[in-house]
Amino acid sequence: MRISELIERLGRTVFEAPFGAMSQAIGDSPEVAEIRIAVLDEVKKKIQRAGGKALFPYNIVRIVICTSAPDATVFERDFFRRFFEEEVRRSLARDSCRFPDDLRVEVRVASDESGDENHWLRIETLAQEIQPETSEPASTRRSARLMVIAGIPNKTEIQLQKTRVNIGRLVDVYKSAGLSRRNDLAFAEDNPINRTVSREHAHILHDKKTGEYRLFNDRWYTRGDKSENNCGLWIVRDGMGQEVHRDTRGTRLLAGDEIHLGKAVLKFQIK
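Start counting the sequence shown at 1135; every next residue gets the next number (this note's numbering).
Rendered as structure tokens:
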């Protein structure tokens, strides 16, 4: 359906719906169904497996409507955002898929310079830190950073300011469906050390409740593969090595820990 036709029909649905029956009217709208299907399809593509369980690691699903039509602002009304957010949460729950507590949907209207009304919808998934309205002062969070000891990544050090920080070989990791992941620290240069880092090697999560930083192994291997006996990720603490296997809990990082990704080495520092 052309975007101009959809907006015209959707406008009538919104403005002709009885007071208090807006959610029902939106849910029954065939125009909204087209967007709903596209959103849920994209969400399903981004579901990952961790420790044998389904996981949706993104906390923002962004619906971008590309059009220059002035009436398109109807999409930015809050009842649309709430409707799609409930649909995404229900879909993930039905699939027994874990997702962030702060998962939210954003609906944005962007100007369309191409003039192609048949390609007007874009769905984006992001992992970003969302500041709550009554958040604690920033000073209550202990600042942490990673220092590069071995290997040549895109940054010599990185501040851990986001809830999730990804580490891997490339900045952008693509799969058949498109962009799958963006690494904050990427070992893209071709050299012997960097080659030992996987495309999706690890990530670090900050737990707001405990204040802990936890390291997770994101590497994939098939059962029976020789790499099964080499998890490819470990920490060195007080002169002793500790493997970090792929699971849902991760490993707590302490000040001074060395993180070994193959032959690449990082040092975790926290104040």
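Cβ atoms here follow ideal geometry from the backbone N, Cα and C, with glycine treated the same way.
Per DSSP, the unbroken alpha helix (DSSP H) holding E1219 starts and ends at D1212 to R1228.
In the three-state reduction of the DSSP assignment, K1309 falls in the strand class, which pools E and B.
By the Cβ criterion, the stretch 1317 to 1329 is not in contact with the stretch 1372 to 1385, since fewer than three pairs of Cβ atoms, one from each stretch, lie closer than 8 Å. Straight across, the Cα-Cα distance linking S1310 with R1211 is about 34 Å. Here the alpha carbon of N1300 sits roughly 15 Å from the alpha carbon of V1378. Taking the Cα of R1232 as reference, the smallest distance to any Cα among T1259, T1330, C1200 and N1193 is reached at N1193. Residue range L1255 to L1260 is occupied by the beta strand (DSSP E) that includes T1259. The continuous beta strand (DSSP E) containing W1368 extends over residues L1367 to R1371. Per DSSP, reduced to three states, the secondary structure at A1172 is helical. Nearest neighbour of L1280 by Cα position, chosen from G1390, I1169 and F1214, turns out to be G1390. Counting along the chain, N1351 sits inside the beta strand (DSSP E) bounded by residues Y1347 to N1351. Note: H1394 is bridge-paired with W1368 and V1399 in the DSSP secondary-structure output. Taking a C-beta distance under 9 Å as the contact criterion, I1283 and N1325 do not qualify as a contact pair. In this structure, the alpha-carbon of K1289 lies about 23 Å from that of R1275. When DSSP reads this structure, L1189 sits in a beta bridge with Q1182 and R1232.
With distances taken between CA atoms, L1189 lies nearest to R1223 out of S1202, R1223 and V1173. Taking a C-beta distance under 9 Å as the contact criterion, K1405 and I1393 do not qualify as a contact pair.
Rounded to whole angstroms, the gap between the alpha carbons of T1259 and L1313 is 10 Å. In this structure, I1292 sits away from V1241, with a CB-CB distance that is not shorter than 9 Å.
DSSP links T1385 through a beta bridge to L1349.
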